[in-house]
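Enquirer: Pasting a structure below so you can have a look.
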Ligand code: UDP
């Protein structure tokens with residue numbers, strides 16, 4: 006017999022900006038559809054959201070939307086900088102979180118009917134199975150990266166991995182179905198460059214990837230129109246896959262349909278946004294500015310920042326550069342010194358901030374190009390905004406994504422593995438001036454496709470409806 010209450014869905018992302026962003030957007034989409042939601046953040050990230058956003062007030066508009074918190078298993082004084090979160094995947098820290106998650110699920114009222122968890126939190130699958138709760142994994146990085154990671158054992162068997170020290174990095178990889186024609190060694194996820202396939206991180210990635218394929222279903226932040234051939238391949242191993250992206254556009258489409266275009270969307274930022282850059286953009290001509298930003302985790306050397314900066318300064322476009330605090334690695338304090346020095350020298354040609362309201366920036370008419378680290382959210386945000394990209398991938402799926410942008414979608418250029426001012430200058434000039442029309446046209450076409458996919462009757466719109474129906478069924 007059915008319940009006389011709405012289904013209760015629990016969300017749990019890996020605690021980083023890039024994982025939380027798409028998951029909180031999906032949570033809002035399900036809240037709009039009438040589900041009761043518990044969105045779990047670690048205590049640390051919850052505090053940051055309360056500090057920098059109006060989160061608590063915002064979600065009050067949805068009845069039954071709870072913002073829960075859970076330990077991240079680390080001592081309070083842990084710096085939580087860099088890429089600390091892999092420690093969550095399968096060690097003593099992860100086991101503390103697993104126990105807290107289990108305790109919470111046993112005691113929560115009304116009971117949780119379905120869990121949507123980050124595909125990297127394999128321990129959540131064990132808890133769900135033990136308690137008999139349906140579970141859907143959300144893999145927030147790119148489908149091509151999921152598929153490549155899934156295929157690592159096949160690449161090892163075929164002798165394509167490991168990549169040895171004097172390897173031709175332009176050699177084509179032939180054992181990842183659907184990617185044979187355009188993926189080279191250098192385009193594999195960064196962890197595939199490990200010299201030893203017994204490397205514990207590689208093993209963990211393969212294990213978590215394959216484990217997430219055992220969930221009741223898999224959610225991917227893409228559209229059939231963007232990643233169709235790879236989605237077909239993934240479906241040979243995971244029969245139920247919901248492609249519901251780009252999720253930022255899907256949420257906007259559904260919220261605006263309900264509340265109108267002027268609705269003020271929630272910004273789930275973990276750092277304080279410097280909105281002064283939008284006023285600066287207001288004074289720039291249309292499509293004249295390169296927006297340069299490298300996400301929430303990238304760090305770079307002082308030398309790399311200087312090369313990127315000179316490339317931008319010597320190019321024919323003005324620029325808006327984001328340099329996150331503590332993201333430039335130098336000797337003590339040197340990173341900050343170089344940023345201050347560049348800031349002073351930049352005044353005529355550009356603007357530098359610590360952290361930007363990225364979606365607003367990308368959609369600003371003054372922005373004509375995006376120099377990006379090719380994080381999956383940033384990539385999709387660039388696609389939706391119709392902004393061509395110059396890709397400087399840093400790690401994880403970014404090496405794959407930049408290849409998709411340049412070779413599959415043809416909406417940008419890939420600067421992978423080099424950081425040289427001349428190349429930065431040339432690529433920025435290509436995108437912003439010399440091949441401007443060509444890139445602007447292909448990016449506009451790609452953007453149009455994404456809008457179609459998130460509009461009524463579009464693929465992502467319909468896939469979300471199917472997900473909603475299926476969660477209701479699972480929860481009966
Ligand atoms: N972001 C932002 N302001 C910034 C830099 C990044 O709001 O100055 C957001 C960006 O819009 C994106 C997320 O942070 O949604 C970064 O996610 P992504 O997957 O691109 O990269 P990651 O940070 O995980 O490497």
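Numbering (the working numbering), first residue to last: 6 to 481. The beta-carbon is built from N, C-alpha and C at its ideal position, and this holds for glycine as well.
(1) Just tell me which of 345, 323, 321 and 316 has its CA closest to the CA of residue 330.
(2) At which residue ranges does the region 247–298 contain complete alpha helix (DSSP H) runs of 4 or more residues, listed in the order of the chain?
(3) Determine the DSSP secondary structure at residue 6, reduced to helix, strand or coil.
(4) Using CA atoms only, rank isn't needed, just tell me which of 78, 116 and 58 is closest to residue 41.
(5) Following a CB-centred definition, is residue 285 positioned closer than 7 Å to any heavy atom of the ligand UDP?
(6) Starting from the Cα of residue 566, find the closest Cα among 119, 425, 367 and 327 and give me that residue.
(7) Near residue 101, which residues of its chain fall below 8 Å by C-beta distance, leaving aside the five closest residues on each side in sequence?
(8) Out of curiosity, what's the CA-to-CA distance linking residue 131 and residue 210?
(9) So residue 455 and residue 254 are in contact, right, with Cβ under 8 Å, and what is the actual spacing, rounded?
(10) Consider the C-beta atom of residue 298 and the heavy atoms of the ligand UDP; say whether any pair is separated by less than 7 Å.
(11) Decide if residue 194 is buried, meaning its Cβ has at least 16 other Cβ atoms within 10 Å, or exposed.
(12) I need the DSSP call for residue 335, collapsed to helix, strand or coil.
(13) Under 7 Å: does the beta carbon of residue 378 sit that close to some heavy atom of the ligand UDP?
(14) Could you tell me if residue 81 is buried or exposed, where buried requires 16 or more neighbouring beta carbons within 10 angstroms of its beta carbon?
(15) With a 10 Å radius around its C-beta and 16 neighbouring C-beta atoms as the bar for buried, classify residue 434 as buried or exposed.
(16) Within 10 Å of its beta-carbon, does residue 135 have 16 or more other beta-carbons around it, so buried, or fewer, so exposed?
(17) What is the DSSP secondary structure of residue 108, counted as helix, strand or coil?
(18) Pick helix, strand or coil for residue 49, following the three-state DSSP scheme.
Expert: Taking the geometry as given:
(1) Comparing C-alpha distances from residue 330 to each of 345, 323, 321 and 316 shows the shortest one belongs to 345.
(2) 252–264 and 281–287
(3) Low per-residue confidence applies at residue 6: pLDDT is 49, beneath 50, and the placement is therefore not dependable enough to give any value.
(4) 116
(5) The answer is no for residue 285.
(6) Because the chain is modelled from 6 through 481, residue 566 falls outside the range shown and cannot be assessed.
(7) 76 and 78
(8) 17 Å
(9) 6 Å
(10) yes
(11) That one is buried.
(12) coil
(13) yes
(14) Residue 81 comes out exposed.
(15) buried
(16) The residue in question, residue 135, is exposed, as its Cβ has fewer than 16 Cβ neighbours within 10 Å.
(17) DSSP places residue 108 in helix when its eight states are reduced to three.
(18) Of the three classes helix, strand and coil, the one that applies to residue 49 here is helix, per DSSP.
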